[in-house]
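Quick notes on the structure that follows.
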Amino acid sequence: MGLETASAERPLSTLHEKASYDVADFEVPKGREEKWRFTPLRRLRGLHDGTAAEGSAADATDPVLVEVEAAPDVKVERVGRDDPRVGRAYVPTDRVSAQAYASFTQATVITVPRETVATTPTVVRLRGEDAGHAAFGHTTVIVEPLAKATVVLDHRGSATYADNVEFVVGDGAALSVISMHDWADDSVHLSHQHARLAKDARFTGFVISLGGDVVRIAPSVSYHGPGGDAELYGVYFADAGQHLEHRLLVDHTVPNCRSRVDYRGALQGDAAHAVWIGDVIIRAEAEGTDTYELNRNLVLTDGTRVDSVPNLEILTGEVAGAGHASASGRLDDQHLFYLQARGIPRDQARRMVVRGFLGQLIERIEVPEVREQVAAAIEAELDR
């Protein structure tokens with residue numbers, strides 16, 4: 001299945017130069033660093049500088065509760081930090097993820113046995129109980145060779161939370177993940193979610209960011225055998241004062257692998273801020289890579305801000321395809337006029353345009369219940 005320990009020695013690239021389990025290997029961010037220049041550090045409640053970890057150590061209660069509803073034949077365990085399956089696929093690449101790795105007390109390990117085809121999703125519910133105390137978590141999902149499963153990560157409630165999530169997908173296996181972030185308005189969440197793909201493995205990741213004060217999600221993919229295929233999708237809706245940030249890394253390290261990225265967001269209200277960073281690395285040994293990334297943003301009101309930065313680092317000339325696109329713009333008055341000219345009221349026309357823009361991705365969500373929840377949440381956002 002290719003479960004050898006992830007290496008902290010290998011240099012990553014000019015886009016991501018450092019990886020370590022040791023918090024001391026990372027300087028406290030000041031806000032001028034490339035990784036942190038868009039993130040409002042003052043609103044992170046100490047998750048970036050270690051003070052949140054110091055405060056959480058004195059509190060005996062768990063501010064974030066984890067409950068798992070597993071599919072048949074899927075094994076769920078709560079293990080200590082010394083379990084050899086924890087931390088094998090992902091080495092932290094910034095101070096917050098290193099702090100989360102150093103601070104969690106118990107990890108959730110989900111295992112899909114070899115050749116198992118899970119008939120229902122496995123749902124991991126994370127419920128914030130207290131935003132006044134920081135919490136740290138770790139989740140490892142192992143899909144053994146030729147198995148297939150869907151995992152839903154459902155984040156709700158009030159929390160100050162940092163965590164790492166590992167997805168280890170074995171030879172010929174397939175994993176779909178839906179990560180739903182519908183936190184309360186007072187929540188801060190910073191998360192790294194890493195997928196490690198073996199030979200002919202397939203991974204589909206869907207990130208949905210709606211609630212919270214500051215939410216920063218960093219999905220990443222690495223390939224450890226030819227034929228790997230990753231599709232990363234995202235939908236987000238930022239309201240007044242919200243900061244929603246998504247920082248992606250797709251690291252093509254072996255030949256003949258594929259990746260597709262499509263993130264779409266809408267913004268409304270004063271100081272609504274969306275950040276999307278899309279980093280794709282094609283290393284010298286990754287001949288035959290086929291990759292494309294896209295980010296689109298729809299601005300619904302004045303006073304919002306969008307930062308969208310796609311990056312391609314190509315170290316070989318032998319690629320099947322590589323490209324990126326980014327676009328941000330206001331609601332098209334011509335589209336609204338076209339609909340209004342056919343008797344549709346302006347408010348309804350506005351909703352139809354937004355539904356169409358985000359709906360193309362929402363329709364890709366494989367779990368009907370989640371798809372309906374997201375559609376209803378978008379309607380609630382438009383009601384504001």
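Taking UniProt numbering, the leading residue of the sequence shown gets 1, the next gets one more, and so forth.
Virtual Cβ for every residue (Gly too), placed ideally from N, Cα, C.
So is P84 buried or exposed if we call it buried at 16+ other beta carbons inside 10 Å?
Mapped onto the sequence shown, residue 84 falls at position 84. Result: exposed.
Quiz item: Buried or exposed: where does Q268 fall if 16 or more other Cβ atoms within 10 Å of its Cβ makes it buried?
Solution: Along the sequence shown, one-based indexing puts residue 268 at 268. Buried, because 16 or more other Cβ atoms sit within 10 Å of the Cβ of Q268.
Can you tell me whether P121 is buried or exposed? The criterion is at least 16 other CB atoms within 10 Å of its CB, across all chains shown.
Indexing the sequence shown from 1 puts residue 121 at position 121. Buried, because 16 or more other Cβ atoms sit within 10 Å of the Cβ of P121.
Notebook entry, point to check: Closest to A230 by CA distance: which of A174, A162, H273, R355 is it?
Noted result: Taking the first residue of the sequence shown as 1, we reach residue 230 at position 230. Nearest of A174, A162, H273, R355 to A230, Cα basis: A174.
With 16 as the cutoff for other CB atoms within 10 Å, does T289 come out buried or exposed? Residue 289 sits at position 289 when you count from the first residue of the sequence shown. Under this definition T289 is a buried residue.
Q: For R196, name the three-state secondary structure that DSSP assigns.
A: Position 196 of the sequence shown, counted from the first residue, corresponds to residue 196. R196: strand per DSSP, three-state reduction.
Can you give me the C-alpha to C-alpha distance between K75 and Y21, rounded to a whole angstrom? Counted from its first residue, the sequence shown places residue 75 at position 75. Counted from its first residue, the sequence shown places residue 21 at position 21. Distance between the alpha carbons of K75 and Y21 is about 27 angstroms.
Through-space distance from E287 to I281, alpha-carbon basis
Position 281 of the sequence shown, counting from 1, holds the residue named residue 281. Position 287 of the sequence shown, counting from 1, holds the residue named residue 287. If I take the Cα positions, the gap works out to 12 angstroms.
Go to L382, then tell me how far its alpha helix (DSSP H) extends in each direction, as first and last residue.
Here residue 382 is taken as the residue at index 382 of the sequence shown, counted from 1. That run of the alpha helix (DSSP H) goes 368-383.
6 angstroms CB neighbourhood of A201 in its chain, flanking five on each side removed:
The residue given as residue 201 occupies position 201 in the sequence shown. V169, A173, G228, listed in sequence order.
Whose C-beta lies closer than 6 angstroms to the C-beta of S97 among residues of the same chain, with five residues either side of it excluded?
On the sequence shown, residue 97 is found 97 positions in, with the first residue counted as 1. N164, H192, listed in sequence order.
* To do: Identify the continuous alpha helix (DSSP H) that holds F357 and give its terminal residues.
  => Along the sequence shown, one-based indexing puts residue 357 at 357. F357 -> alpha helix (DSSP H) spans 346-362.
Is it buried or exposed for K199, if we count other Cβ within 10 angstroms and need 16 for buried? Residue mapping note: residue 199 aligns to position 199 of the sequence shown, counting from 1. Classification of K199: buried, given that the 10 Å Cβ count is 16 or more.
Would you list, in sequence order, the uninterrupted beta strand (DSSP E) runs of no fewer than 3 residues that lie entirely inside the region 282-346? 290-299, 305-314, 321-330
Check: Is it right to say G211 is buried, meaning 16 or more other beta carbons lie within 10 angstroms of its own, or is it exposed?
Finding: Residue numbering aside, residue 211 sits at position 211 when the sequence shown is read from its first letter. The residue is buried, with at least 16 neighbouring Cβ atoms inside 10 Å.
Can you tell me the Cα-Cα spacing of V68 and E318, whole angstroms? Here residue 68 refers to the residue found at position 68 when the sequence shown is read from its first residue. Here residue 318 refers to the residue found at position 318 when the sequence shown is read from its first residue. Approximately 44 angstroms, taken between the alpha carbons.
Item to check | Between the CA atoms of A100 and A349 - distance to the nearest angstrom | outcome: Taking the sequence shown and counting its residues from 1, one reaches residue 349 at position 349. Taking the sequence shown and counting its residues from 1, one reaches residue 100 at position 100. One C-alpha to the other measures close to 44 angstroms.
By Cβ distance, which residues of its chain are closer than 7 angstroms to D62, with the 5 residues on each side in sequence left out? To locate residue 62, count along the sequence shown from 1; it is residue 62. Within the same chain, D62 has close Cβ partners A135.
| What's the C-alpha gap between D130 and S158? | Your numbering for residue 130 matches position 130 in the sequence shown. Your numbering for residue 158 matches position 158 in the sequence shown. In a straight line, the C-alpha of D130 is about 6 angstroms away from that of S158.
- request: Pull up the distance between the alpha-carbon of S259 and that of G343, whole angstroms please.
  value: Residue numbering aside, residue 259 sits at position 259 when the sequence shown is read from its first letter. Residue numbering aside, residue 343 sits at position 343 when the sequence shown is read from its first letter. Approximately 42 angstroms between the Cα atoms of the pair.
Residue interval of the beta strand (DSSP E) (run including T103):
Sequence index remark: in the sequence shown, residue 103 carries index 103 (1-based). According to the sequence provided, residue 103 is Ser. The question's Thr does not apply to it. Here S103 belongs to no beta strand (DSSP E); instead the alpha helix (DSSP H) covers 95-103.
Given R371, which residues of its chain have a CB within under 7 angstroms of its CB, disregarding the five upstream and five downstream residues?
-> In the sequence shown, the residue the question calls residue 371 occupies position 371. Counting only Cβ-Cβ distances below 7 angstroms, and skipping sequence neighbours, we find I362, I365.
Q | Rounded straight-line distance, which links the Cα of A341 to that of L41 | A | Within the sequence shown, residue 41 is the residue found at index 41, counting from 1. Within the sequence shown, residue 341 is the residue found at index 341, counting from 1. Distance between the alpha carbons of L41 and A341 is about 47 angstroms.
message: For L315, count the other beta carbons within 10 Å of its own beta carbon; 16 or more makes it buried, fewer makes it exposed. Which is it?
response: Counting from 1 along the sequence shown, the entry for residue 315 is found at position 315. Counting Cβ neighbours within 10 Å, L315 comes out exposed, since fewer than 16 surround it.
State the DSSP-derived secondary structure class of residue 413, mapped to helix, strand or coil.
-> Residue 413 lies beyond the stretch modelled for the chain, which goes from 1 to 384, so this question has no answer here.
- Message: Measuring only the C-alpha atoms, how far is S326 from V207?
- Response: Here residue 326 corresponds to residue number 326 of the sequence shown, with the count starting at 1. Here residue 207 corresponds to residue number 207 of the sequence shown, with the count starting at 1. Straight-line Cα distance between these residues: approximately 18 angstroms.
Are the beta-carbon atoms of A266 and F203 separated by less than 9 angstroms? As a position in the sequence shown, residue 266 is number 266, starting the count at 1. As a position in the sequence shown, residue 203 is number 203, starting the count at 1. Not closer than 9 angstroms, so no.
Would you mind reading off the limits of the beta strand (DSSP E) that contains G128? In the sequence shown, residue 128 corresponds to position 128, counting from 1. Residues 122-143.
| CB of G241 within 9 angstroms of CB of D213, strictly | One-based indexing of the sequence shown puts residue 241 at position 241. One-based indexing of the sequence shown puts residue 213 at position 213. Yes, the pair counts as a contact, with Cβ atoms nearer than the cut-off.
Length of the line joining the Cα atoms of L197 and H224 | Residue numbering aside, residue 197 sits at position 197 when the sequence shown is read from its first letter. Residue numbering aside, residue 224 sits at position 224 when the sequence shown is read from its first letter. Between L197 and H224, the C-alpha separation is close to 6 angstroms.
* To do: Identify the continuous beta strand (DSSP E) that holds A247 and give its terminal residues.
  => Translated into the one-based positions of the sequence shown, residue 247 becomes position 247. The amino acid occupying residue 247 in the given sequence is Arg; Ala does not appear at that position. Counting along the chain, the beta strand (DSSP E) containing R247 begins and ends at 243-252.
| query | In terms of residue numbering, what span does the beta strand (DSSP E) encompassing T173 cover? | reply | As a working note, residue 173 is residue 173 in the sequence shown. For the record, residue 173 in the displayed sequence is Ala; it is not Thr. That residue, A173, is in no beta strand (DSSP E); it is neither H nor E in DSSP.
**Message:** Is the separation between the beta-carbon of H243 and that of A218 shorter than 9 angstroms?
**Reply:** To locate residue 243, count along the sequence shown from 1; it is residue 243. To locate residue 218, count along the sequence shown from 1; it is residue 218. No, they are not a contact pair.
**Asked** Do you know how far the Cα of W276 is from the Cα of H324?
**Response** Stepping through the sequence shown from its first residue, residue 324 is reached at position 324. Stepping through the sequence shown from its first residue, residue 276 is reached at position 276. The alpha-carbon atoms of H324 and W276 are separated by roughly 13 angstroms.
**Beta bridge counterpart(s) of W183 as assigned by DSSP** = Mapped onto the sequence shown, residue 183 falls at position 183. Paired residues: none, contrary to the question.
Just confirm the distance between the C-beta atoms of T150 and V367, as a whole number of angstroms; I'd bet it's less than 8 angstroms. What you label residue 150 is simply residue 150 of the sequence shown in a count that begins at 1. What you label residue 367 is simply residue 367 of the sequence shown in a count that begins at 1. The Cβ separation is near 7 angstroms, so the contact holds.
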